[in-house]
């Protein structure tokens, strides 16, 4: 009786999980599709930041169209051919890896804007093709490695339940987590630490200059630099707004990666199945929430949004 009750509860949980995940998928598709259309339609306000957002939106759109539904299918413990399972899992891993590397690329771009403002001004409106291509090639390569042999080969040619833990070998699991999750996260933290230190120094310098008695010549020099300072303040504001998007990335992905690590070491898949489903939905929601953050946090994108719908107002 207990077994039947437990199976019924698990079935209900999976149904709820699937419905919520598909809703997240639909929101991700609609939201990111709108972002892509808006950015492509507006040819006047494109900056490096908008190109990065465009790339991230394409990755998140793929997540909504392919990765999230595929992930939901995998979590249903369906029986499927081993190589079909490999293709599905590689697609999921590739898509989410691209999103993670895109977030890292955006953070590096913010670092350049704040730490090296003069050189950044020269390239501010040029498309960052090299870094975007690097994000996509690296993400696809890491996700596709199981297809080329780096997997748990003991299950080859066996038709059984398709799960991430059964396909991913321990060595690949560690490699994939270190390269596409841990390394980007640590890098992002370090980069924002450097940005914070730089901004603090700039603020302290500005405070000191305000307290000093300035001659007329110095004041004229300050007026000459006002345009530069205004640009720098704008870049700093963009950077802190991007930090909110980066923080969401951490909140959405850390719980799932920690649980996957525990699952791989201690084999507790069945014990934490409900928690696993919650964390999977949380990680998938990152792709659905990003478009809303662009609208609220990035002024350049808001301008593109208003321009696309021909709404005239002061931002």
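Residue numbers (the UniProt record's numbering): 1 to 315.
Every residue, glycine too, gets a C-beta built ideally from N, C-alpha and C.
Please tell me whether residue i and residue j are closer than 7 Å, where the distance is taken between their beta carbons.
i	j	result
residue 18	residue 62	no
residue 39	residue 50	yes
residue 282	residue 252	yes
residue 52	residue 108	no
residue 256	residue 187	no
residue 48	residue 128	yes
residue 264	residue 173	yes
residue 64	residue 29	yes
Let me confirm a value: residue i is counted as buried when at least 16 other C-beta atoms fall within 10 Å, else exposed. Which label applies?
i	result
residue 237	exposed
residue 280	buried
residue 151	buried
residue 92	buried
residue 171	exposed
residue 318	No information on residue 318 is available, as it lies outside the stretch 1 to 315 that the chain covers here.
residue 15	exposed
residue 101	buried
residue 122	exposed
residue 90	buried
residue 32	buried
residue 116	exposed
residue 266	exposed
residue 222	Here residue 222 scores only 47 on pLDDT, less than 50, and its place in the model should not be relied on; the value that follows carries that caveat. Answer is exposed; the Cβ neighbour count stays below 16.
residue 137	exposed
residue 118	exposed
residue 97	buried
Can you find a C-beta in chain D that's less than 7 Å from the C-beta of residue i?
i	result
residue 105	Within the model displayed, chain D is absent; a lone protein chain is all it includes.
Could you give the C-beta distance for residue i and residue j, rounded to a whole number, given that I count them as a contact under 8 Å?
i	j	result
residue 99	residue 69	Not quite, the Cβ-Cβ distance comes to about 16 Å (not below 8 Å), so this is no contact.
residue 134	residue 185	Contact flag wrong, Cβ pair sits at about 18 Å.
residue 180	residue 132	Not confirmed; about 16 Å, so no contact.
residue 46	residue 125	7 Å
residue 195	residue 239	6 Å
residue 60	residue 284	Actually they do not touch by this definition, with Cβ atoms about 10 Å apart.
residue 13	residue 277	7 Å
Does the beta carbon of residue i fall short of 6 Å from some heavy atom of the ligand COA?
i	result
residue 266	Looking for the ligand COA in the displayed structure turns up nothing, as the structure carries no ligands at all.
State whether the region 139-146 contacts the region 104-122, with contact taken as three or more CB pairs (one from each stretch) at a distance under 8 Å. Taking 8 Å as the limit for Cβ pairs, the verdict is that the region 104-122 does not touch the region 139-146.
Can at least three beta-carbon pairs, one atom from the region 285-297 and one from the region 239-255, be found at a separation below 8 Å? Yes, the region 285-297 is in contact with the region 239-255.
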